[in-house]
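Read through the structure below, which is laid out as structure tokens, and then see the notes.
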Amino acid sequence: MGKHTSLACSRNRGTNLAADCESRRHPTHVKTLVLWDIDGTLISSGGAGERALVAALRDEFGIVGNLEDIELAGRTDHWIARKVLAKFALPDTTENVSRYLDGYLRWLPGELDNPEARTLPGVRALLGALEERRNVAQGLLTGNLRHGAEIKLSHHRLWAHFQFGAFADDSETRNELGPHAVRRACAHHSVEFAADRVFVIGDTPHDVACGKIIGAHTIAVATGRSTVEELQACGPSATFADLSDTSAVLRVLT
Ligand SMILES: [Mg+2]
3 MGKHTSLACS RNRGTNLAAD CESRRHPTHV KTLVLWDIDG TLISSGGAGE RALVAALRDE
63 FGIVGNLEDI ELAGRTDHWI ARKVLAKFAL PDTTENVSRY LDGYLRWLPG ELDNPEARTL
123 PGVRALLGAL EERRNVAQGL LTGNLRHGAE IKLSHHRLWA HFQFGAFADD SETRNELGPH
183 AVRRACAHHS VEFAADRVFV IGDTPHDVAC GKIIGAHTIA VATGRSTVEE LQACGPSATF
243 ADLSDTSAVL RVLT
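Numbering (my numbering), first residue to last: 3 to 256.
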């Protein structure tokens, strides 16, 4: 995407975006948009998500099994749910997906209460530093369901940093989430964001891909399951072992 191409509001015209786009005529000081992944980037849940999925499988469908051969990192909750249904030969119906994910959300708060769950290095300082900058907006770009994202980030007292985002509720396909996040950022801040002022931060190759597809800069961080080398192979704008060097990350973002 061209350097000064506008990302905001230009996609999916003809739906209900007219009101959102009206706000473009009243630009504010906000110029930079930072979109955050959750698991492996902001927090580690200590395996809470996977345990809640296993518990819901048992509770809802009476199946005791593991999810070891299903790729969870960087995927959306809807995508994962359908893979689990397929693995255990359960009918892939809307009802079963909803039933399974509702069960997962019921188990999630209890599973998050474990000693391994933590906010990842540097995250709290970086969120705080960005919040102090009047020209920066921060949102979520995550494969979590919105309710699941709220449960996880509230547990770590991070939810209040985010007023908008894109979630698994928007699409089963992660690469389709970016435009939803940008559209909500536009609506929330009444401003459009130049493509070269949008940054996607995440811990998997899927995060890098879904940032690139909207023409955003991508910052990869190796605090999930991917190594620095694996992430660099995807060609992100920058790669960090973790986010503990606040100044170094801010130099990339500003
Ligand atoms: Mg992640």
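All C-beta atoms, glycine included, are put in the ideal place defined by N, C-alpha and C.
Remember, predicted model here, so these are calculated numbers, not experimental data.
For the candidate residues the options, whose alpha-carbon lies nearest to that of residue i?
{"i": "Ala151", "options": "Ala139, Val138 and Gln165", "result": "Gln165"}
{"i": "Val210", "options": "Arg108, Val66, Leu37 and Lys33", "result": "Leu37"}
{"i": "Pro228", "options": "Arg60, Glu73, His158 and Phe169", "result": "According to the sequence as given, residue 228 is Ser; it is not Pro. Closest by alpha carbon: Glu73."}
{"i": "Arg148", "options": "Thr78, Ala131 and Arg136", "result": "Thr78"}
{"i": "Arg176", "options": "Leu233, Thr96, Asn146 and Ala131", "result": "Asn146"}
{"i": "His158", "options": "Lys214, Glu70, Pro238 and Asn116", "result": "Asn116"}
{"i": "Leu233", "options": "Gly76, Ser192, Thr96 and Ser173", "result": "Gly76"}
Ignore the nearest five residues each way along the sequence and tell me which others in residue i's own chain have a CB closer than 6 Å to its CB.
{"i": "Ala301", "result": "For residue 301 there is no data in the structure shown, the boundaries of the chain being 3 and 256."}
{"i": "Ala83", "result": "Val99, Tyr102 and Leu103"}
{"i": "Leu129", "result": "His163"}
{"i": "Glu113", "result": "Ala50, Arg53 and Ala54"}
{"i": "Cys236", "result": "Pro207 and Val210"}
{"i": "Gly48", "result": "Asn116, Glu118 and Ala119"}
Taking the alpha helix (DSSP H) that residue i falls in, what are its first and last residues?
{"i": "Thr229", "result": "Careful: Thr229 lies outside any alpha helix (DSSP H) and carries neither H nor E."}
{"i": "Thr96", "result": "Thr96 to Leu114"}
{"i": "Val86", "result": "Asp79 to Lys89"}
{"i": "Pro207", "result": "Pro207 to Lys214"}
{"i": "Val56", "result": "Ala50 to Phe63"}
Heavy atom of ligand 1 less than 7 Å from the Cβ of residue i, yes or no?
{"i": "Ala50", "result": "no"}
{"i": "Asp115", "result": "no"}
{"i": "Ala75", "result": "yes"}
{"i": "Thr248", "result": "no"}
{"i": "Thr121", "result": "no"}
{"i": "Thr206", "result": "yes"}
{"i": "Gly42", "result": "yes"}
{"i": "Asp79", "result": "no"}
{"i": "Asp244", "result": "no"}
Can you tell me whether residue i is helix, strand or coil according to DSSP?
{"i": "His158", "result": "coil"}
{"i": "Thr220", "result": "strand"}
{"i": "Ile72", "result": "coil"}
{"i": "Arg257", "result": "This structure cannot settle anything about residue 257, because the visible part of the chain is limited to 3 through 256."}
{"i": "Gly130", "result": "helix"}
{"i": "Ser8", "result": "Model confidence at Ser8 stands at a pLDDT of 49, short of 50, so the residue's coordinates are unreliable; what they give is reported in the following sentence. Residue state, collapsed to three classes: strand."}
{"i": "Leu179", "result": "helix"}
{"i": "Gly150", "result": "helix"}
{"i": "Ala168", "result": "strand"}
{"i": "Ser249", "result": "helix"}
{"i": "Ala264", "result": "Here the chain has residues from 3 to 256 only, and residue 264 is not among them."}
Considering only residues of the same chain and omitting the five flanking positions on each side of residue i, which have a CB-CB separation below 8 Å?
{"i": "Gly124", "result": "Asp244, Leu245, Ser246, Asp247, Thr248 and Val251"}
{"i": "Asp94", "result": "Arg84, Leu87 and Ala88"}
{"i": "Leu110", "result": "Ala50, Gly51, Ala54, Gly150, Ile153 and Lys154"}
{"i": "Ser8", "result": "Note that Ser8 scores a pLDDT of 49, beneath 50, so its modelled location is shaky and nothing firm can be said."}
Below 7 Å CB to CB, which residues in the same chain sit around residue i once its five sequence neighbours on both sides are set aside?
{"i": "His190", "result": "Gln165 and Phe166"}
{"i": "Tyr106", "result": "Ala54, Leu55 and Ala58"}
{"i": "Val223", "result": "Thr43, Ile203, Asp205, Phe242, Asp244 and Leu245"}
{"i": "Ile215", "result": "Asn177 and Gly180"}
{"i": "Ala127", "result": "Thr248"}
{"i": "Thr144", "result": "Asp39, Ile40, Ala151, Gly167 and Phe169"}
Which residue marks the beginning of the beta strand (DSSP E) containing residue i, and which one marks its end?
{"i": "Val202", "result": "Val200 to Gly204"}
{"i": "Thr256", "result": "Careful: Thr256 lies outside any beta strand (DSSP E) and carries neither H nor E."}
{"i": "Ala240", "result": "Ala240 to Phe242"}
{"i": "Leu122", "result": "Where Leu122 is concerned, there is no enclosing beta strand (DSSP E), given that its DSSP letter is neither H nor E."}
{"i": "Val36", "result": "Thr34 to Trp38"}
Is it the case that the CB of residue i approaches a heavy atom of ligand 2 more closely than 7 Å?
{"i": "Gly237", "result": "In terms of ligand content, the structure shown lacks ligand 2 and carries ligand 1 instead."}
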